[in-house]
Amino acid sequence: MILFRRATFSLNMNYGYALESGLGYSVIKWGLAFAIVVLSMYAYGQPTHYDFTQSIHNADITISPAPTSNGSFSAFGVFTPDASADVANVNVTALIAYLNVGTSVTINTANTSGAGGGNINLTSAITWTGISPVVGLNLNAFNDININAATTTTTGSYVFNADDNVNIGGAMTITTGSMSFFAGNNVNLNSAASITTGYFTAIAGGMANMNGDITVVSGNTSIISGWGVPEMESSLEPMVVLLLACLFLLSDHQKSDKKVLMTA
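Numbering (numbering that gives the first Met the number 0), first residue to last: 0 to 263.
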């Protein structure tokens, strides 16, 4: 515990004047503020990971020409794997049919008791027309999203959420719409991404590795890497709180009683 008490030594007039004018307090207060910032920076550890599915039970889902299996679509275009499925498949033709009539498709890996890894793998090319830039394909994976084939659309968007990595290995082209990639760990763009009118967004809790060309003719591009922006260690939280308390105490004391320090 740190105790504050009146000093018993004498201050010379110059130092007393500095304190009286506020200079001394400013130095102390800014020093404490700097210490708080330094401690906060040292408190950073590994990147924060985000659980987009809120489930420890998942299936590995493949999007391919094979028939849909071990899961089903709702009337609103949401695909959910069967309760105990470890793996599931989404037929790419069925997926495209939803998109072409203006129904967004959402694919989730979470289920009731599956023991799969929670990955979503696209192995077949997707080409669709769409009727609205806000309609599109939404993928929510407990682990990785792996796009290993080309995707092309005239009007529509993609929103990929992965608790671990989003890996883009197939060229992605949109005429009007947006691409949004959110990863608790890394976003790895290894192929070209092209948008004529719309937005490209990549937000990674780890690293945003943009190894492919990104072209946005009309719109915005946002790439955010959160590597090294992590959670504060709990052991340092009391130190930061103490420093903040000292800062406020000094500020209040300066306002209320400068002359005591002049004669200490």
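Note that CB positions come from ideal geometry on N, CA and C, so glycine has one too.
Fair warning: this is a prediction, and the values are worked out from it, not measured in the lab.
When we look at the beta-carbon of residue i and count the other beta-carbons within 10 Å, is it buried (16 or more) or exposed?
| i | result |
| --- | --- |
| Phe267 | The question about residue 267 has no answer, for the chain in this structure spans 0 to 263. |
| Pro132 | buried |
| Asn189 | exposed |
| Val89 | buried |
| Phe199 | buried |
| Val186 | buried |
| Ile119 | buried |
| Ala203 | buried |
| Ile55 | exposed |
| Tyr41 | Reliability of the predicted coordinates at Tyr41 is poor, the pLDDT of 42 falling under 50, and the value obtained from them is presented with this limitation in mind. It is exposed - the Cβ of Tyr41 has fewer than 16 other Cβ atoms within 10 Å. |
| Ser177 | buried |
What separation, rounded to the nearest whole angstrom, lies between the Cα atoms of residue i and residue j?
| i | j | result |
| --- | --- | --- |
| Gly183 | Asn166 | 12 Å |
| Phe66 | Ile95 | Note that residue 66 is Pro in the sequence shown, not Phe. Approximately 13 Å between the Cα atoms of the pair. |
| Phe181 | Ala82 | 26 Å |
| Val104 | Thr214 | 25 Å |
| Gly135 | Val158 | 8 Å |
| Ala114 | Ile173 | 35 Å |
| Ala74 | Thr153 | 24 Å |
| Asp163 | Gly205 | 9 Å |
| Met209 | Thr220 | 12 Å |
| Ser271 | Tyr97 | The displayed coordinates of the chain run from 0 to 263. Any statement about residue 271 would go beyond what the structure contains. |
| Gly70 | Val77 | 10 Å |
| Glu232 | Gly225 | The pLDDT assigned to Glu232 is 38, lower than 50, so where the model puts this residue is not dependable; a value taken from the coordinates is nonetheless given after this. Rounded to whole angstroms, Glu232 to Gly225 spans 17 Å at the Cα level. |
| Ile194 | Asn137 | 17 Å |
| Val216 | Thr79 | 36 Å |
Relative to the C-alpha of residue i, which residue among the options is closest?
| i | options | result |
| --- | --- | --- |
| Ala124 | Met171, Ala84, Val86 and Val104 | Met171 |
| Ser112 | Gly204, Asp85, Leu98 and Thr195 | Asp85 |
| Ala87 | Gly116, Ala192, Asn187 and Ile95 | Gly116 |
| Ile223 | Thr122, Ala191, Ala207 and Ser156 | Ala207 |
| Gly101 | Asn107, Trp127, Asp81 and Ser68 | Trp127 |
| Pro64 | Ala148, Gly218, Gly205 and Ser177 | Ala148 |
| Asn139 | Trp226, Gly70 and Ala109 | Ala109 |
In three-state DSSP terms, what is residue i?
| i | result |
| --- | --- |
| Ile95 | helix |
| Pro80 | strand |
| Asp59 | strand |
| Val134 | coil |
| Trp226 | coil |
| Gly197 | strand |
| Ala74 | coil |
| Ala191 | coil |
| Ser68 | strand |
| Val100 | coil |
| Met206 | coil |
Would residue i and residue j be called neighbours here (beta carbons separated by less than 9 Å)?
| i | j | result |
| --- | --- | --- |
| Asn107 | Gly129 | no |
| Thr175 | Thr151 | no |
| Phe72 | Ala93 | yes |
| Ala201 | Ser179 | yes |
| Gly169 | Ile146 | yes |
| Ile62 | Val91 | yes |
| Gly211 | Ala191 | yes |
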